[in-house]
Every structure is written in structure tokens, then in C-alpha cells.
Amino acid sequence: MKLSKLLLSLCLVVVSIHQAHAASGNKTLSNADQVENCSFAKANNWWQATYASLPSAVANNPTTGDPEFCEFYQFSQDWFLYLISPSPTKNLANWQDPKQFPLLETSGTDSCDNDVPKNAFNVRTVKSTDAKEDFVIPERIDQAGRNVYAIYDQQGNIVFYEVRFSINLCDYKKMQMKNNFPGKTAELKMAWRVLTKNDSKDDFYHMEATISGKPYLLGLVGWHIVVAADNHPEMVWMTLDHNSNAVECTKIAAGQNAYDFTSAACAKNAADCNNLNKTLNSTAITLPSTVQPNDICQQFKYGTLEGQPITTKDGLNIALVKKLNGELQNLFTQPKLPKSLAVWKHYQVTGALWISDINKDSSDTTNQRGSLELANTVMETEFQGTAGQANSATNCFACHNYSATQSNTSTSAGLSHIFDDIIAGQQCRDVQSSVTINSQPQAQTQCPTTCKTAGALKWNGQWTNQDAKTGKQLPMTVCGCCPN
């Protein structure tokens, strides 16, 4: 009898402990409490964090037991701070280190080889909102053709774009063994403007670059940071803007000053704006003095419909973005901060986007969370929507589709728009010659040039005038071309 009572007591204790533990992770959490309890504080030496310490998953909230808005912004902050921190390679931030984040080069070029260019800029900004449409890497500025739409600042200088990715994507065969990219897979897109004597270079994260044989000083004006998490393979989509980019559309009024992409006249009176939030069909690095740059204003400062109470998801999201930006300002002004990091006080997080249920596609707008109107002023200028109108912006998931049931790493998937180009850069392909080849000596003369002009490729010694599948005569000879 005593033994039975003892066992019963032990069982009750175990059950009680289990119930208490379960309850501690499944309580409800008000939005106001979530904002208050969400901490973005960091250690005094946060810039010394290692890649190994970066989160590969979005943490669970200690109260609810699931990732909440707070944890997604903590995840975003951790990655942002690591990326901007000094790398082991002297004078480079982690995100600029090609050993960690290689440059995406032009089509047909191996972005994963040891031939690393200092920069790889492009200018095209118009993109398709159809995730199934093939992505074409924008052309290099010195190779740009017609019908290239671009953004210009108010000094008449074009905006350049640069794309980087985490080194693990180079092992594309391993990536494609699973439906989703693993945690810590990252894609980065940066927007740069030309800095002149009228600009304070210390207000921008800047670098020197040679473009079309001419030296330029470039300042960072926009940044997309996209990172996959093990428990959120749709990726967390975060974007930042420079503080001096553009006036808020709802704050255009007398007394406003000019911005880098907003003229003084436009900032004061919307009627005086020139083709507001439109791109220009141009490839010139600097516009002729007779051409006025288009004006830009920011529709959603936090990528979110404003004016909603804290009890709503929009109200919660804005409160957390504001709190994050406030804490970042504290971090970038703390004592003993490396000099290279102080400049980030001139940037603001616009917001982040993710989905709630990874068992549903990202195209289901009711499943989307965070900054639902997320768009960068200098990357999605024409896709920003209209301030005050919900669901008017074309956010990240309109172009980048996560599938809950199909592969997101296949060549036909719509989540990553650069993965196909990383793969293509490592594979051989047939390139059509400009002349018909009828002999091996002729091929040895013609094919190397054919491959070189197709994207700095190398001839593999093979050529044919016949279709490999049908055996029929081709209209022109093709040469086998491979990455160097």
C-alpha cells in the first residue's frame, strides 16, 4: 500500500511538472507585452561575434513557445550586425568578404571560382513579378544595352546594384538534394550611388570602384538582407534605407528640404514632383544637363500600414521596428566602437517579411507576417504602392514564391532568383558560332573566340553541326563552352 501511494505521488509530481512546463511555453502574449519584453541589447563587443554564433533558426518565444514578431527581428538584427562587422580580411566587412559571400557575376561567369573581381555592378531595376519567369542577371554597366531602366539621384548620377550570396550556394548539388535551402543561406543585394564633392562621404558606407575605366566613390543607399532559417525556409526578408534617400510621401509639405532622390521642389509640393517614383529608360552613368532626374518619395516608412493600434499585427510590427532602430542607434554610438561601424547610424531598418505557417505557400497573403508593404525606395521604387492603402505594395513574396510542397531549390523554383545563375556559371553549355564550322582546324580558330565572347568561357574542344537529340543538321555550328 505504501509503495503504491509513493508511486502515485511520484506520478502526480511528474505530471504536474510536465503540465507546468507545457503551460510556461504556451501562454498568450499581448502585443504590448511583446514589445516591452523584446530585447535588442547586445554585448559591448558585439562586433566580435563569429559566424558560428549566428542563429540558423528563428528562436521560440519563451512565453508562447513559438517564434513571434520579436524573434524574427532579433534574428534579422543578429545577421545585420554580423554582416557589417569587420572580417578577418583587412579593411573588409564580413558581407564584403568573398570567402564568405561571393559576388554574383554576369551571366555565364562562374561566381564561385577563385577569379574574384573587386566589383560586379549592374543598373537594371525593372523586374517581373512572375516568379516562374526566368531571372536574367542585369548587365554590367559597361555592357548595358537598350531598354535598361535605372534610378538616378538628384545630381543626375545612376544607381548601381551589386549582389552577393553565402558561399554554401556554390555547392548547388548538395543544395538540390533537399527541397529547402538550409539555415544560414543568405542573399544580399546592395544599391550604391555616386558620391561627389557635394556629399559628406563619412555619412555613407562607401567604397572606391572603377567603372568603365573611370574611378568613382560610391555610397551605400539601400540593402536587402535575405536569410533562410531551418524552421523558416521561406527566408526572412529584411531591408534598409539610407536616412537621406527620400522624403516620406505623406510628409511632402512646405518647410521640407531636398533629399538625395527628392528635389527640394518636390519635397515641398507634390505638384512639383517630376515623374514621381518612376525609373528612367537610360544607361548613362550621368544624365545630360538637359534631363531632369525623376523624384522619389517613400510610401511606407516601416513597410507597414500606419495608424493601426498596438493590438493589431501592423501596430505590433511598427512598434518593434521603431524599437529595433532605436537600439541600433545606441549600438552605433557606444564607446570603443570600431570606426567603420559608426557610419551605420545613418541607416534605418524599414522592416522585415516572413510567413506564419511554413506548411502553406507564401503566395497566400493571409499567411504573410511582418512588413506586408515592404519595398526599398531605391530597389523597388515603382512597387511601393500608395501610402495609406493596405495591400497596395508589391512585397518580396509577390516576386519570390516559397512552395510548401515542392522543391524550392530546383531550377524551376521561384524562391531564389539568383540560384540558377550560380548553377549555370559552373556548367558547360553549347554556344552558337557566328559561322559554320566544317573542320577541326577551323573549330580551333573559331570556337575559343565564340566561347570568350559568350561570357569569358573556355572552349572544351568539342563542336558539332548536329542536334545531339535528333541528329538533324543545325542551322549553325555550336561550340562546347565551359567556365574557366
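Mapping of the sequence shown onto mature numbering (1 follows the signal peptide of the UniProt record, and there is no 0): residues -22 to -1, 1 to 462, in sequence order.
Think of the CB as a built atom: it goes at the ideal place given N, C-alpha and C, for glycine as much as any other residue.
Bear in mind the structure is a predicted one, so any value in this text is a computation, not a measurement.
Cα-Cα separation, residue i to residue j
i, j, result
"Trp170", "Leu319", "18 Å"
"Lys77", "Ile62", "15 Å"
"Thr311", "Gly392", "40 Å"
"Ala37", "Pro45", "6 Å"
"Lys323", "Asn158", "35 Å"
"Asp335", "Asn345", "6 Å"
"Ile136", "Tyr194", "12 Å"
"Tyr127", "Thr261", "7 Å"
"Lys156", "Leu452", "37 Å"
"Phe53", "Leu258", "36 Å"
"Val225", "Thr240", "7 Å"
"Asp408", "Lys436", "11 Å"
"Asp88", "Tyr29", "25 Å"
"Trp73", "Val94", "15 Å"
"Gly348", "Lys430", "46 Å"
"Pro313", "Asn22", "9 Å"
"Asn69", "Pro316", "12 Å"
"Asn337", "Thr268", "54 Å"
"Leu82", "Asn462", "16 Å"
"Trp215", "Lys447", "42 Å"
"Met168", "Asp11", "35 Å"
"Asp238", "Phe79", "29 Å"
"Lys20", "Ala297", "19 Å"
"Leu35", "Leu7", "One point to set straight first is that residue 35 is Ala, not Leu, in the sequence displayed. One C-alpha to the other measures close to 21 Å."
"Asn223", "Gln277", "12 Å"
"Lys291", "Glu212", "20 Å"
"Thr387", "Lys175", "45 Å"
"Ala248", "Phe397", "41 Å"
"Thr389", "Met153", "11 Å"
"Leu306", "Val172", "26 Å"
"Arg142", "Asn416", "42 Å"
Paired residues, beta bridge with residue i - DSSP
i, result
"Ala192", "According to the sequence displayed, residue 192 carries Lys and not Ala. Per DSSP, Ile189."
"Asn259", "Tyr127"
"Val275", "A small correction: the amino acid at residue 275 is Cys; Val does not occupy that position in the sequence shown. Cys275 pairs with Val225."
"Asn87", "In the sequence as displayed, the identity of residue 87 is Thr instead of Asn. Beta-bridge pairing links Thr87 to no other residue."
"Thr442", "Val456"
"Tyr150", "None, per the DSSP bridge assignment."
"Met168", "Glu140 and Trp201"
"Gln234", "Per DSSP, none; premise fails for Gln234."
"Asn135", "Thr264"
"Ala207", "His210"
"Lys175", "According to DSSP, which records beta bridges pairwise, Lys175 is partnered with nothing at all."
"Met216", "Ile203 and Ala330"
"Thr240", "Tyr237"
"Gln451", "Gln444"
Nonlocal neighbours in the same chain, by C-beta distance under 8 Å from residue i, ignoring five residues either side
i, result
"Lys301", "Val13, Cys16 and Phe18"
"Ser411", "Gln424, Cys425, Thr428, Trp441, Met454, Thr455, Val456 and Cys457"
"Gly293", "Asn9, Gln286 and Pro287"
"Ala243", "Asp250 and Cys251"
"Lys5", "Thr41 and Thr42"
"Thr414", "Asn443, Met454 and Thr455"
Own chain, CB closer than 7 Å to residue i, minus 5 neighbours either side, in chain order
i, result
"Cys406", "Asn438, Gly458, Cys459 and Cys460"
"Gly134", "Thr264, Leu265 and Pro271"
"residue 476", "One cannot answer for residue 476 here, as it falls past the ends of the chain, which runs -22 to 462."
"Asp445", "Leu452"
"Phe361", "Ala353, Ala371 and Thr372"
"His(-2)", "Only weak support is given to the placement of His(-2): the predicted model assigns it a pLDDT of 39, under 50, and the question is left unresolved by the model."
"Thr330", "In the sequence on display, residue 330 carries Ala and not Thr. Excluding sequence neighbours, Ala330 sits near Phe50, Tyr51, Ser54, Val214, Trp215, Met216, Gly348 and Ser349."
"Pro64", "Trp25, Ala71, Pro316 and Ser318"
Own chain partners of residue i with C-beta closer than 6 Å, once the 5 adjacent residues on each side are dropped
i, result
"Pro33", "Phe53 and Asp56"
"Thr328", "Thr217, Asp219 and Gly281"
"Asp181", "His324"
"Ser2", "Note on Ser2: pLDDT 48, under 50, position unreliable in the model; no value is reported."
"Trp201", "Met168 and Leu218"
"Phe113", "Bear in mind that the predicted position of Phe113 carries a pLDDT of just 36, short of 50, making it too unreliable to give a figure here."
"Ser(-7)", "Bear in mind that a pLDDT of 42 at Ser(-7), under 50, signals an unreliable position, so the number given afterwards is only what the model happens to contain. Taken in chain order, the list of residues that qualify is empty."
Inter-stretch contact at 8 Å, needing at least 3 Cβ pairs: the stretch 201 to 216 / the stretch 225 to 233 = Too few Cβ pairs lie closer than 8 Å, so no.
The stretch 328 to 342 / the stretch 374 to 387 touching (three or more Cβ pairs under 8 Å) = The stretch 328 to 342, when compared against the stretch 374 to 387, does touch it at the 8 Å Cβ threshold.
Just checking, does the stretch 240 to 253 make contact with the stretch 180 to 194 on the three C-beta pairs under 8 Å criterion?
-> Contact annotation: the stretch 240 to 253 does not touch the stretch 180 to 194, with fewer than three C-beta pairs closer than 8 Å.
Output the residue ranges of the alpha helix (DSSP H) runs that lie fully inside the stretch 25 to 96 and measure 4 residues or longer, sorted by chain position.
-> Taken in chain order, the whole alpha helix (DSSP H) runs of length 4 or more contained in the stretch 25 to 96 are 47 to 62.
Going along the chain, which unbroken runs of the beta strand (DSSP E) with 3 or more residues stay wholly within the stretch 282 to 370?
-> Inside the stretch 282 to 370, DSSP marks whole beta strand (DSSP E) runs of 3 or more residues at positions 325 to 333 and 346 to 348, from first to last along the chain.
Inter-stretch contact (C-beta, 8 Å, three-pair minimum) for the stretch 354 to 370 and the stretch 412 to 422 | They do not touch, by the three-pair rule.
Could you say if the stretch 394 to 401 and the stretch 137 to 150 meet the contact criterion of at least three C-beta pairs nearer than 8 Å?
-> Three or more beta-carbon pairs drawn from the stretch 394 to 401 and the stretch 137 to 150 are found closer than 8 Å, and the two stretches are therefore classed as touching.
Inside the stretch 372 to 446 only - beta strand (DSSP E) runs reaching at least 3 residues = The stretch 372 to 446 contains these whole beta strand (DSSP E) runs: 407 to 410 and 436 to 444.
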